[in-house]
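In case it helps, numbering that gives the first Met the number 0 puts the sequence shown at residues 0 to 132. Beta carbons are placed, not taken as given, at the ideal position from N, Cα and C, and that holds for glycine. None of these values were measured; they are calculated from a predicted model.
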Amino acid sequence: MENGKGAIARGLVNGFGAGSTEFFILRPERQRVSSEWIYRVISHEKFRKLAEKNMTGSAGQRRVPKAFLENILVPLPSIVEQDHITKTLQTVSELVYMYKMKLVDCENLAKSTFNEMFGDPIINEKKMGYENY
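See below:
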């Protein structure tokens with residue numbers, strides 16, 4: 000919980016997977032809640048901060064107690080609404096990722112254009128003069 004990692008495990012051979020000692024397996028009651036909804040709830044910053052406040056143990060060994068997950072109350076809209084919300088959030092996440100990649104492309108284009116026009120400013124390959132202002 001502390002580092003925000005989580006996943007939905009699908010397509011496991013024979014339905015089995017492997018992991019470390021740091022997992023809580025959360026299985027949805029399919030008629031009431033979707034895996035995606037659970038994932039979105041436990042990934043939410045407010046949920047993670049609340050989980051962090053309830054951690055036990057010392058630095059480097061802090062754990063969320065099982066009782067925290069067993070007793071936490073979370074919003075539970077209808078399964079249809081859960082699906083709508085999670086699909087919308089997935090679409091938004093994909094758009095954010097695409098725009099971040101476009102921003103990286105623009106930054107790389109600006110750097111390469113600068114280097115093409117003026118050369119690498121560190122090695123001054125185009126022998127540009129320097130002036131103090």
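Own chain residues within Cβ distance below 6 Å of residue i, not counting five before or after
i	result
residue 81	33 and 36
residue 7	34 and 38
residue 131	none
Residue range of the alpha helix (DSSP H) that includes residue i
i	result
residue 82	78 to 117
residue 144	Nothing can be reported for residue 144, as the shown portion of the chain is limited to 0 through 132.
Rounded separation between residue i and residue j - CA only
i	j	result
residue 45	residue 59	21 Å
residue 62	residue 97	34 Å
residue 101	residue 95	10 Å
residue 76	residue 28	14 Å
residue 124	residue 51	52 Å
residue 92	residue 113	32 Å
residue 129	residue 115	18 Å
residue 90	residue 127	47 Å
residue 57	residue 49	17 Å
residue 119	residue 72	57 Å
residue 110	residue 117	10 Å
residue 18	residue 99	31 Å
Same chain, Cβ closer than 7 Å to residue i, neighbours up to 5 away in sequence not counted
i	result
residue 39	85 and 88
residue 64	53 and 55
residue 103	none
residue 74	none
residue 12	none
Which residues DSSP lists as bridging residue i, in chain order
i	result
residue 62	55
Own chain, CB closer than 8 Å to residue i, minus 5 neighbours either side, in chain order
i	result
residue 42	3 and 5
residue 25	37, 41 and 68
residue 23	63, 65 and 68
Supposed close pair residue i, residue j - CB separation, criterion 8 Å
i	j	result
residue 31	residue 78	7 Å
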